[in-house]
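Undergrad: Remember, our numbering sits 2 above the position in the sequence shown when you count from 1.
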Amino acid sequence: KTVPPRSPIGASRMTERMVQLSSASDVDQALINENERLVVIRWGRDEDPLCEAVDQIMESVCSKCINMAVFCSVDIEEVPDFNVENKLYDPYTIMFYHKRRLVEINTGVALEAYLDALYPISEGSLVKIVEATFKKLKTSKR
């Protein structure tokens, strides 16, 4: 696995690396503790080649987006608690959260609730999506 396990994020902890969330409690704490930045979670099977590829992309953009987002991964076989609720059956699904809420993202084509293996993801496209989503949230009246 390219992403070593790490402890869940804290309210003020900045990280330039992806955070591996290993339990439902870790996921809940990540969403509760982060109030300013986006929480970007990759749900999937850690050993899946598509997950490994997208993890490398996410890992590479962590430092570029450190003030806007924290990136996390969840192995859906290790933490199955959210599989039914979030319809997690694709090789990977990337969801964006802000203040504990799932937020829609603008992919440049449409507003989406998530990204999956059907959406061609690159470092550049992921940075653009994070920037646009973060900017929209900061300028909207929530």
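Backbone N, C-alpha and C define an ideal beta-carbon position, used for all residues, glycine too.
With DSSP collapsed to three states, give me the class of Lys3.
TA: Summary for Lys3: the model assigns pLDDT 44, below 50, so the residue's position carries little reliability, and this model does not support an answer.
Undergrad: Between the Cα of Ala55 and those of Val86, Lys130, Ser75, spot the shortest distance and give me the residue it belongs to.
TA: Residue Ser75 is the option with its Cα nearest to Ala55.
Undergrad: Give me the Cβ distance between Ile123 and Ile68, rounded to the nearest whole Å; I'm assuming they're in contact under 8 Å.
TA: The Cβ separation is near 19 Å, so there is no contact.
Undergrad: Hey, Asp28 and Asp48: beta-carbon distance below 8 Å or not?
TA: Contact: no.
Undergrad: When DSSP builds the beta bridges, which residues end up paired with Cys67?
TA: Bridge partners of Cys67: none, in fact.
Undergrad: Return helix, strand or coil for Val86, following the three-state DSSP convention.
TA: Val86 falls in the coil class under three-state DSSP.
Undergrad: Is the beta carbon of Ala112 closer than 8 Å to that of Tyr94?
TA: No.
Undergrad: Can you tell me the Cα-Cα spacing of Glu133 and Ile34, whole angstroms?
TA: Roughly 21 Å separates the two Cα atoms.
Undergrad: Return the residue from the list Arg102, Leu40, Val129 that minimises the CA-CA distance to Gly110.
TA: Among Arg102, Leu40, Val129, the Cα nearest to that of Gly110 is on Val129.
Undergrad: Taking only the alpha-carbon atoms, compute the straight-line gap between His100 and Asp30 and give it to the nearest angstrom.
TA: Roughly 13 Å separates the two Cα atoms.
Undergrad: Contact defined as beta carbons within less than 8 Å: I believe Val42 pairs with Phe73. What is the distance between those atoms, to the nearest angstrom?
TA: Contact flag correct, Cβ pair sits at about 5 Å.
Undergrad: Quick check on the burial criterion: 16 or more other C-beta atoms within 10 angstroms. Buried or exposed for Arg102?
TA: By the neighbour-count rule (16 or more Cβ atoms within 10 Å), Arg102 is not buried but exposed.
Undergrad: So, at 7 Å on beta carbons, what are the nonlocal neighbours of Met20 in its own chain, with the 5 sequence-adjacent residues on each side left out?
TA: Result list for Met20: Val5, Asp57, Met60, Glu61, Cys64, Phe73, Cys74, Ser75, in chain order.
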